[in-house]
Structure formats: C-alpha cells, structure tokens
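**Student:** In my numbering, the protein residues as written are -12 to 165.
C-beta atoms are modelled at their ideal positions from N, C-alpha and C, and glycine is treated no differently.
One structure, as structure tokens, below. Some questions next.
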C-alpha cells in the first residue's frame, strides 16, 4: 500500500510547530521522506558520508508533501535542479542550497557551535523567535496540505508510479527512460 501522506504531513507539521528548536544530525543517505523530516528541522549538520537526492521523479511521483517544509528553505534554482533531475548531491552542496545549516568533516563537531548557541538562548525568546521563523511555513501547511496530500495519493496510485517502483525494485530501467 502507498504511504499515508496525510499522516506524514501531520508529523512534519508537528515538528515545525514544536516550540523548541529541532536539530538534526545526518551522516548517510537521505532520500524522499527523510528529506522532508530534515526540512522540518530548524538546524541541521551533515557529515562527509551524507548524500541527498529527490528521487521521486525517477519512480513516477513528485516530492509533493515534503515540499511544504523544504521549498521555503531551499535556494529556488537548486530546488528546480534537484527536484526535476533527481541528481545526488553531497553535504557541502546541501549546506550551500540551504537544506542543512552546516556541513563538516565531523557532523558532531559541526553541531557544537549551534548547540552552544541554543543553550545560551533564553527559552522564551527562543520560542518566540522560532514562531517568527516558522509562521509562513505553518501557514503553507494549513493552506496547501490537503491539495498536496491528494496529489501525493493520486501519484502513488498511478500506473506510472507502479511501473517506476517495480522497475526500481527489480533493478531495471524505468519504461520512460530514453
């Protein structure tokens, strides 16, 4: 069965709406819903083993619901490139395009100044600042989540997605590849 996009949208919205900053540390492959989870975080560090790709177009779907937290943070040109091509990119590029806050040879070490800054912040001021930073994203969730959830469900149920996912699982070319 296809994933439940409404439940995933609700989870992403909950993460964005949390009053305390959410910090991610990645040092491996991040794809599909993992990118949405990363986009919902306030701060993120990526290590050298990290790779990222919006592979949805390769299997016959679109990065619909994950776009809610991601598009506001990504460089628009980079979003077009990586959403449309499914190209893989590394941690340094992820930092350059705004997907992660910092990339480093050691993800834990890269997090130290971010965590130190959060620990030094007044809790009330931090919560109000987070509200300022997430207000537009939460508005987008409220305005667009139903349409994007329906789009995701429709695409995951399509013949194109079924053919793309089957080809992926069988390790063969998708039928539309020229």
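Which residue marks the beginning of the beta strand (DSSP E) containing residue 30, and which one marks its end?
**Tutor:** Residue 30 -> beta strand (DSSP E) spans 30 to 33.
**Student:** Look up residue 38 in the DSSP assignment and give the residues it is bridged to.
**Tutor:** Its beta-bridge partners are 16 and 77.
**Student:** Does DSSP put residue -4 in a helix, a strand or coil?
**Tutor:** Three-state DSSP puts residue -4 in a helix.
**Student:** Would you give the residue range spanned by the alpha helix (DSSP H) that residue 53 belongs to?
**Tutor:** Premise fails: residue 53 is in no alpha helix (DSSP H) and is neither H nor E.
**Student:** Assign residue 109 to one of three DSSP states: helix, strand, or coil.
**Tutor:** It is coil, neither helix nor strand.
**Student:** Could you compute how far the alpha carbon of residue 29 sits from the alpha carbon of residue 49?
**Tutor:** So the alpha carbons of these two residues sit roughly 24 Å apart.
**Student:** Could you check whether residue 13 and residue 33 sit closer than 8 Å to each other, using their CB atoms as the reference points?
**Tutor:** The answer is yes: Cβ separation under 8 Å.
**Student:** Could you please give the first and the last residue of the uninterrupted alpha helix (DSSP H) stretch that includes residue 67?
**Tutor:** First-last of the alpha helix (DSSP H) with residue 67: 63 to 72.
**Student:** Kindly list the residues whose CB is nearer than 6 Å to the CB of residue 35, restricted to its own chain and excluding five residues on each side of it in sequence; keep chain order.
**Tutor:** 92, listed in sequence order.
**Student:** Quick one, are the C-beta atoms of residue -2 and residue 51 less than 8 Å apart?
**Tutor:** No, they are not a contact pair.
**Student:** What residue from 37, 8, 97 and 147 has the CA that sits closest to residue 44's CA?
**Tutor:** Checked all of 37, 8, 97 and 147; the closest Cα to residue 44 is 147.
**Student:** If you follow the alpha helix (DSSP H) that residue 151 is part of, which residue opens it and which one closes it?
**Tutor:** Start and end: 146 to 156.
**Student:** Taking the CB atoms as reference points, tell me whether residue 25 and residue 31 lie closer together than 8 Å.
**Tutor:** It is a contact, given that the beta carbons lie within the stated cut-off.
**Student:** Roughly how many angstroms lie between the CA atoms of residue 87 and residue 143, to the nearest whole one?
**Tutor:** Each residue's Cα considered, the two are about 27 Å apart.
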